[in-house]
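Residue numbers (mature numbering (1 follows the signal peptide of the UniProt record, and there is no 0)): -23 to -1, 1 to 287. Virtual Cβ for every residue (Gly too), placed ideally from N, Cα, C. Since the structure is predicted, the reported quantities are computational estimates derived from the model, not experimental observations.
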Ligand SMILES: [Zn+2]
């Protein structure tokens, strides 16, 4: 698919995209995180010339590398930090003491007594997200959606649909999807605290869990998540859905790897992943698993603490 805007894109952005993709490849080898950015679709040139946010409707298979070139709105930068955690104990102090300060949601499954699995979907909200929500709801399955600020700004109605669908959890996946272990303190704050503010502004929800893009984190990332009142969530089951783009392979990856307490990594920006979900739900519920959110499977969480599974 040719895209006329790709001819006029500034070379600086091209260099950024290339560098980001290359760095993502390196990181994949080192950390085995999800690396959707390392496999940009050939047609990943979205028409950015007229808009700051990626227009996912125009290019459903766009790889999120474009997010790395999007600056968060200036209002995020000016947002005072303490607003995000007003009324709660200091998350940093709580993290240091190991005390849990984010309780499980009301009506949460008791995963200390039940077989639970947490399905998670990153990088949206996108063009397949509403279809996915319908699939989940119709089967009494819950899930967690780690959204970027850029995609929330581009698809605010879908973000609200996630937040307002009973049982679903909306969660923080940074503002622009960079490798957070390679950014300075000011950008780190915009990415984590800024997206907390974006999600709250658009959906009214106070997010309590955060997933660093590519799983790339360090002590500064964890500390910033603690400031935002959010636990750091990785995964123990990687479906590789961004790479295979195959519903059957994604379903098989879950069936082969998931066990009680697992946190499963997927990406709802890919139609093939969403196509896999009815089979995944059938497989897991057929084995007696309850499909829950991250906050449910953890039974609450401590801001700044890193989790890979229950
Ligand atoms: Zn991601």
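As computed with DSSP, residue 149 is found in a beta bridge with 124, 187.
Residue 194 and residue 95 have their C-alpha atoms spaced approximately 21 Å apart. The criterion of a C-beta distance shorter than 8 Å is satisfied by residue 246 and residue 101. Under a 10 Å Cβ-count criterion, residue 218 is classified as buried, with 16 or more other Cβ atoms of the shown protein chains found around its own Cβ.
Excluding sequence positions up to five before and after residue 188, its CB lies within less than 6 Å of the CB of 123, 150, 210, all in the same chain and listed in chain order. Not one heavy atom of ligand 1 lies closer than 7 Å to the C-beta of residue 199. Annotation: the stretch 157 to 241 contains the following complete segments of the alpha helix (DSSP H) (minimum length 4 residues), in chain order: 162 to 180, 196 to 204, 218 to 221, 224 to 234. In the structure shown, residue 78 falls within a coil segment according to DSSP collapsed to helix, strand and coil. The closest heavy atom of ligand 1 lies 7 Å or more from the beta carbon of residue 102.
In this chain, residue 94 is not harboured by any alpha helix (DSSP H); it is covered by the beta strand (DSSP E) spanning 93 to 99. If you ignore the 5 residues before and after residue 214, its C-beta comes within less than 6 Å of the C-beta of 234, 235, 239, 241, all in its own chain and listed in chain order. DSSP places residue 278 in the strand class (E or B) of the three-state scheme. Note on residue 280: 16 or more other CB atoms within 10 angstroms of its CB, so buried under the neighbour-count rule. Inclusion of residue 99 in the 7 Å shell around ligand 1 follows from its C-beta lying nearer than that to a non-hydrogen atom of the ligand.
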